[in-house]
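See below for the structure under consideration.
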Amino acid sequence: MTHGTLVPKILLFAVPLLFSSMLQLMFNAADIVVVGRFGRNGAASVAAVGSTGALINLIVALFVGISVGVNVLAARYYASAQVRSMSETVGTAVMVGFFGGIIIGVVGIVIAEPVLGMMGTPDDVLPLAASYMRIYFAGAPALLVYNMGSAILRAVGDTRRPLLFLIISGVVNVALNMFFVMALDMDVSGVAVATVISEIISALLILMCLVRTDESYRLILKRSSFSFKKLAMMLKVGVPAGLQGMIFSFSNVLIQSSVNSFGSVAMAGNAAAVNLEGFVYMAMNSIYQASVSFTGQNYGAGDLKRVNRVLADCLAIVAVVGLVMGNAFYFFGDKLLSLYTDDVQAMEYGMKRIAVICTLYFLCGTMDTVCGSLRGLGWSFVPMIVSLIGACGFRIVWIYTYFAKHHDLTVLYMSYPISWAVTGTVHFICYLLIMRHIKKRHGEKGGVSHD
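Pasting the structure below:
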């Protein structure tokens, strides 16, 4: 990551991660497709599985953010060959993932039904959605352990093994989906159980990888490698990132609540569209992950000029990916939505979202990529504040003002691209100011503190 031409290396890093994300979404899509096509409740089952995403993301966002802190620390220590610090980072990350998973698992199980009720979930969807969430959160420790482990592997440039592990667990997930829903008629509960089992498998595989390696990122189980100092450093970067994710998720919960007011058919169409647009988002997110890891390693190596080149190349790549994929999904939207449901009205609702979100999704990619570079530099609080005001605050105001007067789904969805454009612009201005500050403090080369 610290030498040679950047674009081929960024793509070499990002493509396996892209395939990992795509496969994960395909396996998640299988949950919706199976219950939509073979479940006993039709559109209500699709709505139940799809409408819980915003609330799930709200609950897990903090620890997903901490995994960004893990990635930044691991990239720095790996680039600067600090073996002991790397070992402490790995041990601390795995323990935080496991015990953090227990905490949010309990929280998710307890609040599932009352919060879904507060979101205005229709009566025909509420019990199904609550059942799905309770079972899903039973697997939270495995989910977070996998996230922490894969963050470590990404930091050292390994995106291939997480891809392999995801393929294995995903195939199991799809097979169990079919078995639980079609053979045992478990409907929504069946796909939730299948998801938990597949997450446990992926977590065990990532742990085996970390335990068996001879590299500096080896997980040593015989002695405690937990470090409060490393935890504090993870939290310094990760908590603002996690809070930013929670804030985004909160605004999405409000948007989901607004969608719920249009009924279960609109919820089903929205859920299918969200799952489809996730493929575009994850493709762009692989470039965001590259910006975090490449920035972290080059900052750790003290090469600030190369840090700038990382951002420029990542921005160019993510814009192309977002424009090409987003507009392709819009062009084939009706055919893609038909994979999830045969309800014509639900498909019409889905196309309303795709027409707004997918065509302009590149704005989200560029916003996230600049944010990734800021986090790779260790500046995580600034993008959190910018996102709080520029994106989430704007969406909340939009919902209670303009959308309240013009109660239409297209009007609701327009809050996304406008907020991306505004927030991305401010992120970039912050990046320029922060780089100027870093150069004044450390100089163009060297002198960058790693600890």
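Under the numbering used here, read the sequence shown as residues 1338 to 1788, first letter to last.
We put the CB at the ideal spot given by N, CA and C, even for glycine.
Nothing here was measured: the structure is a model prediction, and the numbers come from that model.
Within the continuous alpha helix (DSSP H) that includes residue i, where are the two ends?
| i | result |
| --- | --- |
| TRP1716 | Looking at the DSSP string, TRP1716 is not in any alpha helix (DSSP H), and its letter there is neither H nor E. |
| GLU1536 | 1524-1549 |
| GLN1419 | Unbroken run through GLN1419: none, as it is neither H nor E. |
| VAL1462 | No alpha helix (DSSP H) contains VAL1462, which DSSP labels as neither H nor E. |
| GLY1659 | 1641-1668 |
| GLY1486 | 1477-1492 |
| THR1747 | 1746-1750 |
| LEU1503 | 1497-1515 |
| TYR1739 | 1739-1742 |
| GLU1685 | 1681-1694 |
Do you know offhand how far residue i's Cα is from residue j's?
| i | j | result |
| --- | --- | --- |
| ILE1736 | LEU1395 | 18 Å |
| GLU1781 | LYS1642 | Because GLU1781 sits at a pLDDT of 48, beneath the cut-off of 50, its placement in the model cannot be relied upon, and the following sentence gives the value as read from the coordinates. For GLU1781 and LYS1642, the distance between alpha carbons rounds to 7 Å. |
| PHE1565 | PHE1435 | 16 Å |
| ALA1610 | TYR1750 | 12 Å |
| ALA1416 | GLY1639 | 10 Å |
| ILE1592 | ALA1467 | 19 Å |
| GLY1600 | SER1724 | 30 Å |
| LEU1558 | ILE1722 | 38 Å |
| THR1532 | VAL1509 | 9 Å |
| GLY1476 | LEU1521 | 21 Å |
| SER1586 | VAL1759 | 18 Å |
| PHE1666 | PHE1616 | 9 Å |
| ASN1514 | ASP1551 | 37 Å |
| ILE1347 | PRO1459 | 45 Å |
| VAL1444 | LEU1399 | 13 Å |
| SER1598 | LEU1770 | 43 Å |
| GLY1373 | THR1678 | 6 Å |
| MET1485 | LYS1742 | 44 Å |
| GLY1783 | ARG1773 | Here the model assigns GLY1783 a pLDDT of 44, short of 50, so the residue's position is not dependable and the matter cannot be decided. |
| MET1604 | ALA1683 | 8 Å |
| TYR1698 | ARG1690 | 12 Å |
| PHE1669 | LEU1746 | 20 Å |
| MET1644 | THR1342 | According to the sequence shown, residue 1644 is Val rather than Met. Cα-Cα distance, rounded: 13 Å. |
| LEU1714 | ALA1649 | 15 Å |
| LEU1700 | VAL1596 | 23 Å |
| SER1756 | GLY1702 | 12 Å |
Quick one: using the 10 Å Cβ neighbour count with 16 as the cut-off for buried, is residue i buried or exposed?
| i | result |
| --- | --- |
| LYS1567 | buried |
| VAL1629 | buried |
| HIS1764 | buried |
| ALA1414 | The question names Ala, but residue 1414 in the sequence shown is Tyr. So TYR1414 counts as buried. |
| THR1706 | buried |
| VAL1447 | exposed |
| LEU1349 | exposed |
| TYR1636 | buried |
| THR1389 | buried |
| TYR1739 | exposed |
| SER1535 | buried |
| HIS1340 | exposed |
| MET1570 | buried |
| VAL1420 | exposed |
Exercise. Counting Cβ pairs closer than 8 Å, one from the stretch 1618-1629 and one from the stretch 1658-1670, do we hit at least three?
Worked result: Cβ pair count under 8 Å is three or more, so yes.
Exercise. Mind pulling the alpha helix (DSSP H) runs of 4 or more residues that sit fully within the stretch 1563-1616?
Worked result: Within the stretch 1563-1616, complete alpha helix (DSSP H) segments of at least 4 residues are found at 1565-1597, given in chain order.
For this session: Check whether the stretch 1476-1486 touches the stretch 1527-1547, counting contact only when three or more Cβ pairs, one atom from each stretch, lie closer than 8 Å.
Result: Verdict: yes, contact present.
For this session: Entirely within the stretch 1362-1406 and at least 4 residues each: give me those alpha helix (DSSP H) ranges in chain order.
Result: Uninterrupted alpha helix (DSSP H) stretches at least 4 residues long and entirely within the stretch 1362-1406 occur at 1380-1387, given in chain order.
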